[in-house]
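Read top to bottom, the protein sequences are chains A and B.
To convert a position in the first sequence, counted from 1, into my numbering, add 263.
To convert a position in the second sequence, counted from 1, into my numbering, add 61.
Taking it in order: structure first as C-alpha cells, then the write-up.
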Amino acid sequence: MSLQIALSIENLNFSYGGKKALDQLGFTINSGECTLLLGPNGAGKSTLFSLITRLYDSHEGQIELCGFNVKQQTRQALAKLGVVFQQTTLDMDLSVMQNLRYHTSLHGLGRKVALQRIQQELERLNMYERRFEKIRQLNGGHRRRVEIARALLHKPALLLLDEPTVGLDVPSRLAIVEYVHQLVAEEKLAVLWASHLIDEIYPEDHLIVLHKGQIKAKGTVDEVLQTTGTTSIKDAFYSLTQGEQA
Amino acid sequence: MSFLHYWRAMWGIVGRELWRFVTQRERFISALVRPLVWLFVFAAGFRAALGLAITPPYETYILYEVYITPGLIGMIQLFNGMQSSLSMVYDREMGSMRILMVCPLPRWFLLLSKLLAGTGVSILQVYVFLAIAWFYDIHAPWQGYLWIMPTLLLSGLMLGALGLLLSSFIKQLENFAGVMNFVIFPMFFMSTALYPLWKMKESSVFLSKLAEYNPFSQAVEMIRFALYGQFDQQAFIYTLVAFLLFMAAAIVGYNPSKGMMVKKGGS
Numbered sequence: 264m265s266l267q268i269a270l271s272i273e274n275l276n277f278s279y280g281g282k283k284a285l286d287q288l289g290f291t292i293n294s295g296e297c298t299l300l301l302g303p304n305g306a307g308k309s310t311l312f313s314l315i316t317r318l319y320d321s322h323e324g325q326i327e328l329c330g331f332n333v334k335q336q337t338r339q340a341l342a343k344l345g346v347v348f349q350q351t352t353l354d355m356d357l358s359v360m361q362n363l364r365y366h367t368s369l370h371g372l373g374r375k376v377a378l379q380r381i382q383q384e385l386e387r388l389n390m391y392e393r394r395f396e397k398i399r400q401l402n403g404g405h406r407r408r409v410e411i412a413r414a415l416l417h418k419p420a421l422l423l424l425d426e427p428t429v430g431l432d433v434p435s436r437l438a439i440v441e442y443v444h445q446l447v448a449e450e451k452l453a454v455l456w457a458s459h460l461i462d463e464i465y466p467e468d469h470l471i472v473l474h475k476g477q478i479k480a481k482g483t484v485d486e487v488l489q490t491t492g493t494t495s496i497k498d499a500f501y502s503l504t505q506g507e508q509a
Numbered sequence: 062m063s064f065l066h067y068w069r070a071m072w073g074i075v076g077r078e079l080w081r082f083v084t085q086r087e088r089f090i091s092a093l094v095r096p097l098v099w100l101f102v103f104a105a106g107f108r109a110a111l112g113l114a115i116t117p118p119y120e121t122y123i124l125y126e127v128y129i130t131p132g133l134i135g136m137i138q139l140f141n142g143m144q145s146s147l148s149m150v151y152d153r154e155m156g157s158m159r160i161l162m163v164c165p166l167p168r169w170f171l172l173l174s175k176l177l178a179g180t181g182v183s184i185l186q187v188y189v190f191l192a193i194a195w196f197y198d199i200h201a202p203w204q205g206y207l208w209i210m211p212t213l214l215l216s217g218l219m220l221g222a223l224g225l226l227l228s229s230f231i232k233q234l235e236n237f238a239g240v241m242n243f244v245i246f247p248m249f250f251m252s253t254a255l256y257p258l259w260k261m262k263e264s265s266v267f268l269s270k271l272a273e274y275n276p277f278s279q280a281v282e283m284i285r286f287a288l289y290g291q292f293d294q295q296a297f298i299y300t301l302v303a304f305l306l307f308m309a310a311a312i313v314g315y316n317p318s319k320g321m322m323v324k325k326g327g328s
C-alpha cells in the first residue's frame, strides 16, 4: 500500500510581535504514521497546532493537509483534520450524544450516517452505553474518549492530539495511547501527537523534537537516538533541549 | 461543500443554542426578570413624572408602560446580544469555540449561524415577555405581534453583530465586563427606549442628537412601529446598514489573516 502525505509543512515561520515562536519548520507525516511532537513548555507546539488548524495564520511558509493548502483551500484541508485540543472542548451541559451530533452537523453528516458513526466510534471506546449521560457526569478519562471519538466521526486523514493525556490517571492514559496506536496500525490514520510524556512513545513511532521554535531532531526513534548518540529517548531529549523538561 | 452541509451545520448551531437556553432555567428566568422589573417598578414610578404627548405610532394618550415596552424589548435583545458575545469570549477561552472554528465551513457562515442562534433565543424571550406584559394590560393590535417578528430578527442580528464585533476585540473575560458597561448602558440610556427624542431635546440638544444616531434607538423605533402594524422605513434601513457594518467588521475581526486574532495571537 503506497503511503500518502497527510501533512506537509515547509519553511514555516511565526512570530508573536517581535518574538519568534516558530523558525523555518519543515516536516511531513504520512498516512499510517504516528509522530510524537516533543518539546518543553514554550517550544511552539501549541502555536504549531493553531497554525495547522488555521486558528492563526502565518504569512511565511506553507501547510498542506492531504495536498490541500490550509490557507488557500481551507475548507477542503480542514475536512481532512480531526483535532483533540489540550483543554476539553465539550459542552458540559449537553449529553455525549448531543455533543457528537453537534459535531456531525458541523461536518454536514446526515442523521443516519451520523448515528451509525457515533455508535461505531463510541462502541470502539466502550462508551456507547453512556451516550445519554451529560459530559459533566463523566470523569476526565471518559471525556477524553468522547473527544477522540468526536475527532474521528468525519473520518479524518490526520488526527492532531494536543497533550490529550494530561491530568489522566495511568490506566486511562495507557488506554488512550494504545487506542491511538491501534488506529494508526489498522486504519492507516496519520497522527501528530504533542506530548511531554516519553513513555507514550512506541518504538515504531516517529519523533520531532521542537525547542525554542526550531526542530532539533526528526525521524524514527532509532534515527533520533543515532543522531544524538544516546541510548534512550529521555537522554536524547535532554541533550537536544539542554536539559529542559519536556 | 453542498447546500445540505450548510443547512445541517446552521441547524446544528441554532439547535444547540436553543437547547442550552431552554435547559438553563436560571438564564431563562434572569433574562425575563430584568425587563419585567423595569416594567413593573421603574415604569410605575415614572408614570407620573413623565407626561407623553401623542406621537406616532400612538394615536391616543398612552401610559408610560406602553411607551417603554418596545424599549424593553430592545433591552432584552441588547442584553442577549452581549450575552452571546460574552459566551463566545468564554468559549474561546475555554476552547469550545475552536471546535466551531476548525470545521470545514467559511468563518462568515459560522459567525452568522451563531448570530442567528442568539437572535432566535432573544425572540423567544421577547414573546414570553410580551405574553406577561399582556396580562399587565399592555396590549398591541394582534397583527403587531406578527409584524414585530421580522423586525426582531433584524434588530437581534444587529445587536448580536455588535456583540460579536466586541468579542473579536476582547481576549479575556475580565475585560468584557468593562466593555459591557461602556456599551450597554450608554446605548440603552442614550436612546429612545425610555423617553422620546423631543423630551430629551428639552434637556439637551446634543444628547438628543446622539440618541437619534444611536443604532439602538433606530432598532427600538422599528420595533415600536411594527408593534402597531406600521413600517418605519428610515429605522429599518438604518438598522440594516448598522447590521451589515457590524457584521463585516466582526468577520474581519475573526479572520485569522487580517483581524484582531492576528494582533492577539501573533503574525
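Even glycine gets a Cβ: it sits at the ideal position worked out from N, Cα and C.
A quick note: this is a predicted structure, and the numbers were derived from the prediction, not measured.
query: Apart from the five residues on each side of it in sequence, which residues of its chain come closer than 8 Å, Cβ to Cβ, to A:R406?; result: T351, L353 and I398
query: Mind checking B:M71: buried by the 16 CB within 10 Å criterion, or exposed?; result: buried
query: Step through the CB atoms of chain B and report whether any lies within less than 9 Å of the CB of A:H370.; result: yes
query: Residues of the region 157-169 of chain B in Cβ contact with chain A at a cutoff of 9 Å, in chain order, please.; result: S157, M158, R159, I160, L161, M162, V163, C164, P165, L166, P167 and R168
query: Look up A:E273 in the DSSP assignment and give the residues it is bridged to.; result: A:Q325
query: Going along the chain, which residues of its own chain have a beta-carbon closer than 8 Å to the beta-carbon of A:S358, five neighbours each way excluded?; result: R394, F395, E396, K397 and I398
query: On the premise that B:A194 lies in contact with B:T130, defined as a C-beta separation below 8 Å, what is that separation, rounded to the nearest angstrom?; result: 6 Å
query: In whole angstroms, what is the alpha-carbon distance linking B:L47 and A:I464?; result: Given that chain B is displayed from residue 62 to residue 328, the structure contains no residue 47 of chain B and the question cannot be resolved.
query: Run through the region 234-268 of chain B for me and flag every whole alpha helix (DSSP H) of 4 or more residues, listed as ranges in chain order.; result: 234-250 and 258-264
query: Is it buried or exposed, B:G327, if we count other Cβ atoms within 10 angstroms and call 16 or more buried?; result: Annotation note: pLDDT 41 at B:G327 (below 50); position unreliable, coordinate value reported separately. Flag for B:G327 reads buried.
query: Does the beta-carbon of B:M261 have 16 or more other beta-carbons within 10 angstroms, so that it is buried, or is it exposed?; result: buried
query: In its own chain, which residues sit with a C-beta less than 7 Å from the C-beta of B:S146, not counting the 5 before and 5 after it?; result: G224, L225, L227 and S228
query: Am I right that B:A287 and B:S278 are in contact with their C-beta atoms under 8 Å? What's the rounded C-beta distance?; result: Not quite, the Cβ-Cβ distance comes to about 15 Å (not below 8 Å), so this is no contact.
query: Please list, in chain order, the chain A residues whose beta carbon lies closer than 7 Å to that of B:W72.; result: S368
query: Given that B:H66 touches chain A, what residues does it touch there, using C-beta distances under 7 Å?; result: G371
query: Can you find the residues in the same chain that come closer than 7 Å, C-beta to C-beta, to A:E384, ignoring five residues on each side of it along the sequence?; result: A412, L415 and L416
query: Using 9 Å as the threshold, is the C-beta distance between A:D468 and A:T483 below it?; result: yes
query: At the level of alpha carbons, what is the spacing between A:I315 and B:V313?; result: 20 Å
query: Taking contact to mean at least 3 C-beta pairs separated by less than 8 Å, is the region 291-303 of chain A in contact with the region 439-458 of chain A?; result: yes
query: B:I209 and B:E126 - do their beta-carbons sit closer together than 9 Å?; result: no
query: Pop quiz: B:M149 and B:M158 are said to be a contact at Cβ under 8 Å. What is the actual Cβ separation, rounded to whole angstroms?; result: 6 Å
query: Can you check whether the C-beta of B:T180 is within less than 9 Å of a C-beta belonging to chain A?; result: no
query: Measure the C-alpha to C-alpha separation of A:G305 and A:G476 and round it to an integer number of angstroms.; result: 8 Å
query: Where do the N-terminal and C-terminal ends of the alpha helix (DSSP H) with A:N362 fall, by residue?; result: V359 to L369
query: Quick check on A:H322: buried or exposed, where buried means 16 or more other Cβ atoms within 10 Å of its Cβ?; result: exposed
query: Quick check on this structure: which residue in B:L176, B:C164, B:F190 and B:A104 has the alpha carbon closest to the alpha carbon of B:A92?; result: B:F190
query: Are the CB atoms of A:L423 and A:L455 nearer to each other than 9 Å?; result: yes
query: Hey, is A:L301's beta-carbon within less than 9 Å of any beta-carbon in chain B?; result: no
query: Is B:G314 near the ligand MG, judged by its Cβ being under 8 Å from some heavy atom?; result: As for the ligand MG, it is missing from this structure, which has no ligand bound.
query: May I ask you to report which of helix, strand or coil DSSP gives B:K324?; result: Caution is warranted here: a pLDDT of 48 is assigned to B:K324, below 50, making its placement in the model unreliable, and the coordinate value is therefore given only provisionally. Residue state, collapsed to three classes: helix.
query: If you measure beta-carbon to beta-carbon, which residues of the region 70-99 of chain B are closer than 9 Å to chain A?; result: A70, M71, W72, G73, I74, G76, R77, W80, R81, T84 and Q85
query: Mind pulling the beta strand (DSSP E) runs of 3 or more residues that sit fully within the region 402-486 of chain A?; result: 421-425, 453-458, 469-474 and 477-483
query: Could you give the first and the last residue of the continuous beta strand (DSSP E) run that contains A:Q287?; result: K282 to N293
query: So, for A:A284: in the same chain, excluding its five sequence neighbours on each side, which residues have a beta-carbon less than 7 Å away from its beta-carbon?; result: F277, S278, G307, T310 and G476
query: By DSSP, does A:M264 sit in helix, in strand, or in coil?; result: Any reading at A:M264 needs caution, since the residue's pLDDT is 45, under 50, leaving its predicted position unreliable; the model's value is listed next. Three-state result, A:M264: coil.
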